[in-house]
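Presented below is the structure to which this report refers.
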Amino acid sequence: MATSAEYDLGQYAFPRGWFAVANSREVGRKPVNLHYFGQELVIYRGESGRVVLLDTWCPHMGTKLGSGEHSATTTDPAFMEGDNIRCPFHAWRFGPDGKCNHIPYHDGPIPPGARVRSWPIEERYGIVFTWHDPEGLAPDFDLPLFEQWDDPSWVRWDGLEYLCDLKHPIEIFDNMSDVAHLGHLHGGHAVAYENAYDGHLMHQRQRSAVADDGSGLFDATYSTLAGYVGPGIAFGRFQEMAAVQIICVTPIEDGTCRLWQAAMIKSRSGVVDDTARQMRDQVSAMFGGGLLRDGEIWQTKRPAIHIMQLPSDGPFRQSRSWYSQFYNPRAQAAEIVARVAGVHYAKGWPPFTAQPQAVEA
Ligand code: FES
Ligand SMILES: [Fe+2]
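Add 13 to a position in the sequence shown, counting from 1, and you land on the number used in the working numbering.
Here it is as structure tokens:
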């Protein structure tokens, strides 16, 4: 395992960005403890339906919020009143803003330090995302847009599928600029390839030739528009297959992370029925299986602190530069991106923008 500092990513151990922390269906009234960004957290759904994510250590005496199953507080209806949560030890009550708003045995003013951090939450696509920012600032970019989510002819994913826990997320991110592994690890055949960097967006555009395996899922060639929106969420749009994938990577400790994925497809009949759902599951399993081929490498490899990058490798170095913007103060991001902005190619692979005929020639 290597840390962000060992990869020389920047000033911060954990990057700025949106990250998945749970599936919507897993978050209910009963608080659950999570551990991400090297921190203990507690998540629950308030009475209003909003998801609340708080730092877990009670400022009174350090009790873990969300613990103490047999406490007289946690078995009392006042435990989870409205959108609040009470500490199981002395029943201090914290609001969704993280501020203590009631102490049952105290009638003076509540000390201003009686608060825990409340994390920004966006619940979308059946997933709960939080914004992590080492500078504590508000989000400066949005979650990716999956417009298919609201298209009635598309079969939505049913939450993220957990794949595995891995080492530093940069090794997963490298995959997005790794053209040479596509053929050798995945058995694909890329015929055009490019990466591009644009602010908080990183793109991978590729065209592959695939023999029809009789499943009816493939065309002779297919185009994939993939990329990252910040450091924690990747997308893949498989044009001919009419499929979309989301990949989420969330830091656990400095040097470890969690990997999830999910897929949506357009229903071949235009109707979302069991047949379409089955096809979605098949495609999702294929995507997940593809990622696990990378996963078994990532799990056992040693950290690639320096990549011996060949001209015919993808632009790893440039991608890592782009990625480092999230590990440094926001004020430096534009300057970091400016060093690599634009389109980058790998020797031997024609640009994605080239016509297929030109690619063959
Ligand atoms: S430790 Fe939380 S209320 Fe006392
Ligand atoms: Fe891969």
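Glycine included, C-beta positions come from ideal geometry on N, C-alpha and C.
Residue 236 - DSSP class collapsed to helix/strand/coil
strand
Please go through the same chain and pick out, in chain order, the residues whose beta-carbon is closer than 6 Å to the beta-carbon of residue 22, but skip the five residues on each side of it.
337, 340
Exposed or buried, which one is residue 310 when buried takes at least 16 other CB atoms within 10 Å?
exposed
For residue 351, the first and last residue of its enclosing beta strand (DSSP E):
It is not in any beta strand (DSSP E) - residue 351 instead sits in the alpha helix (DSSP H) that spans 346-351.
Residue 169 versus residue 138: straight-line alpha-carbon distance, rounded
8 Å
Is DSSP giving residue 101 helix, strand or coil here?
coil
By the DSSP assignment, the alpha helix (DSSP H) with residue 183 in it spans what residues?
182-187
List, from N- to C-terminal side, the alpha helix (DSSP H) runs of 4 residues or more that fit wholly inside the segment 127-163.
none
Kindly list the residues whose CB is nearer than 7 Å to the CB of residue 85, restricted to its own chain and excluding five residues on each side of it in sequence; keep chain order.
none
The beta strand (DSSP E) spanning residue 215 covers which residue range?
214-222
Which of the three DSSP states is assigned to residue 373 in this structure?
In this predicted model, residue 373 has a pLDDT of only 42, less than 50, meaning its place in the structure is not dependable; the value taken from the coordinates is given anyway. Helix.
Short check: CB of residue 57 to CB of residue 263, under 7 Å?
no
When you compare the CB positions of residue 141 and residue 68, do they come within less than 7 Å of one another, or not?
no
Going by other Cβ atoms of all chains shown within 10 Å of its Cβ, with 16 needed for buried, is residue 27 buried or exposed?
buried
Let's test the definition: count the other Cβ atoms within 10 Å of the Cβ of residue 398 and tell me whether it reaches 16, buried, or not, exposed.
The displayed coordinates of the chain run from 14 to 374. Any statement about residue 398 would go beyond what the structure contains.
Spatial neighbours of residue 92 in its chain, beta-carbon cut-off 6 Å, leaving aside the 5 residues before and after:
86, 99
If the criterion is Cβ atoms closer than 7 Å, does the pair residue 31 and residue 268 meet it?
no
State the start and end residues of the unbroken alpha helix (DSSP H) segment that holds residue 292.
287-313
Just list the residues that DSSP pairs residue 250 with in beta bridges.
238, 257
Going by DSSP, which residues form a beta bridge with residue 31?
144
DSSP-derived helix/strand/coil call for residue 363
coil
Between which two residues does the alpha helix (DSSP H) holding residue 336 run?
329-337
Contact set for residue 209: own chain, Cβ-Cβ below 6 Å, skip 5 residues either direction:
216, 356
Just how far apart, CA to CA, sit residue 372 and residue 363?
Residue placement at residue 372 cannot be trusted, given a pLDDT of 42 that sits under 50; the coordinates are not used to answer.
Between which two residues does the beta strand (DSSP E) holding residue 47 run?
45-49
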